[in-house]
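Visitor: Once you've had a glance at the structure underneath, I'll fire off some questions.
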Amino acid sequence: MVKPTLVDLTAFSTIATHRSFRVAADVLGVSPSSLSHAMRGLERGLGVRLLHRTTRSVSPTEAGEQLLARIRPVLGDLDAALDAVADARGQPSGTLRINGSESAIRLLLHTVVPRYLARYPEMSLDLVAEGRLVDIVEQGFDAGVRLGESLSPDMVAIPLGPDLRFLAVAAPGYLAGRKPIVTPDDLRAHHCIRQRLPSGKRYRWEFGKHGQEVTIDVPGVLTLDNSALLVEAAAAGMGIAYVPEGVARAWLDEGRLVSVLDTWCPMIPGLFLYYPGHRHVPAGLRAFIDEIRNTVT
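So the sequence shown is numbered by my numbering: it starts at 6 and just counts up by one.
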């Protein structure tokens with residue numbers, strides 16, 4: 006039996022954890038082909054098959070599961086030791102990968118990111134703006150940024166800003182001469198500009214008042230997949246859109262849009278940076294969290 010290297014064991018653990026050569030390659034900063042070659046060498050050296058491979062998936066064999074269970078604590082202790090050294094130096098290093106919606110990544114770019122990179126020059130940030138909600142662990146991210154209502158309870162969540170709300174908005178010209186909209190049910194008699202979610206599903210508008218919650222699959226002949234486009238379409242008089250207040254605020258202030266059903270649009274938890282509570286928190290992420298707390302009020 007040939008003794009495996011730390012690099013090979015780290016590669017195996019990353020592949021087995023994410024069950025993907027592609028994701029593991031992104032995390033480790035190498036090519037999938039080099040990882041595949043390294044795993045064949047590791048299996049050959051140990052004389053045992055560690056991974057089941059198909060065209061669509063990768064999973065540990067029984068021997069692979071046993072090895073993974075043994076080396077995970079060791080690799081975790083090693084990460085903690087290296088982080089302790091980084092703490093002693095006062096300068097974390099490496100790459101921090103964060104996934105979030107486009108608006109979330111934009112918020113980070115305008116607030117935390119400049120100060121973080123200036124304070125920690127040995128850190129690199131890999132920010133991925135993605136509409137769909139992903140499993141950050143499975144996809145190899147250190148953290149994610151989403152609305153609070155999207156987070157699972159096993160995540161540690163750090164607030165990035167205040168609560169927010171969605172508003173139903175329309176151009177004054179569209180509303181002129183039409184019956185006032187008093188309740189969400191009144192929307193059924195209007196042209197609504199619907200939104201297609203990244204998952205492919207159509208978003209159902211959600212309203213609430215005095216503990217009463219209403220969800221409506223609104224009617225409409227126009228569907229878009231971007232909040233900024235929804236606002237522009239509404240301002241052009243194409244109907245009523247349901248969008249984050251921040252996206253529509255400039256148009257509302259200029260009078261090009263007005264809101265309806267305000268009392269039915271409650272505040273909801275805003276954006277949060279989140280990460281798994283059961284995993285070791287690397288020094289770079291801890292520094293990013295500290296910067297959030299120092300920057301975002």
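Cβ coordinates follow ideal geometry from the N, Cα and C atoms, glycine included.
1) According to DSSP, is L112 helix, strand or coil?
2) For the alpha helix (DSSP H) containing R254, list its first residue and its last residue.
3) Using the rule of at least 16 other Cβ atoms within 10 Å of the residue's Cβ for burial, across every protein chain shown, is N299 buried or exposed?
4) Can you name, in chain order, every residue of its own chain whose Cβ lies under 7 Å from the Cβ of P65, other than the five neighbours on each side?
5) Taking the alpha helix (DSSP H) that E296 belongs to, which residues open and close that run?
6) Would you report the Cα separation of P126 and F146, rounded to the nearest angstrom?
7) May I ask whether a heavy atom of the ligand GTP can be found less than 6 Å away from the beta carbon of S62?
8) State the start and end residues of the unbroken beta strand (DSSP E) segment that holds F277.
9) Closest to T60 by CA distance: which of L234, S25, L40 and H42 is it?
10) So, for P167: in the same chain, excluding its five sequence neighbours on each side, which residues have a beta-carbon less than 7 Å away from its beta-carbon?
11) Grouping DSSP H, G and I as helix and E and B as strand, with all else coil, what is L156?
12) Given P281, which residues of its chain have a CB within under 8 Å of its CB, disregarding the five upstream and five downstream residues?
13) Where S36 and L114 are concerned, what is the direct C-alpha to C-alpha distance, given to the nearest angstrom?
14) Which residue wins for smallest C-alpha separation from Q200, given the options R183, L132 and L227?
15) For H215, count the other beta carbons within 10 Å of its own beta carbon; 16 or more makes it buried, fewer makes it exposed. Which is it?
16) Counting beta carbon pairs with one atom in the segment 165-179 and one in the segment 257-265, are three or more of them shorter than 8 Å?
17) Spatial neighbours of P271 within its chain, please: C-beta separation below 6 Å, excluding the five flanking residues on both sides.
18) Between V118 and I294, what straight-line distance do the alpha-carbon atoms span, to the nearest angstrom?
19) Tell me whether G289 is buried or exposed, calling it buried when 16 or more other Cβ atoms sit within 10 Å of its Cβ.
20) Count the other CB atoms within 10 Å of the CB of A148; is the residue buried (16 or more) or exposed (fewer)?
21) Looking at I103: is its Cβ nearer than 7 Å to the Cβ of L122?
22) Nearest by alpha-carbon distance to G242: which of V53, G251, E250 and W256 is it?
23) Which runs of the alpha helix (DSSP H) at least 4 residues long sit entirely within the segment 100-151? Give them in chain order.
24) Where does the unbroken beta strand (DSSP E) through I198 begin, and where does it stop?
25) Report, in whole angstroms, the separation of the C-beta atoms of P164 and R193, which I expect to be a contact under 8 Å.
26) For the alpha helix (DSSP H) holding T19, just list the boundary residues, first then last.
Guide: According to the structure shown:
1) helix
2) E250 to D258
3) exposed
4) A21, L55, L56 and L73
5) A288 to T300
6) 20 Å
7) Inclusion of the ligand GTP in the displayed structure is not the case, the ligand content being empty and no account of it being possible.
8) L276 to P281
9) S25
10) G275
11) coil
12) I141, V142, D159, M160 and V161
13) 28 Å
14) L227
15) exposed
16) yes
17) G213
18) 11 Å
19) buried
20) buried
21) no
22) W256
23) 107-115 and 117-124
24) I198 to Q200
25) No, P164 and R193 are not in contact; Cβ-Cβ is about 36 Å, not under 8 Å.
26) L11 to H23
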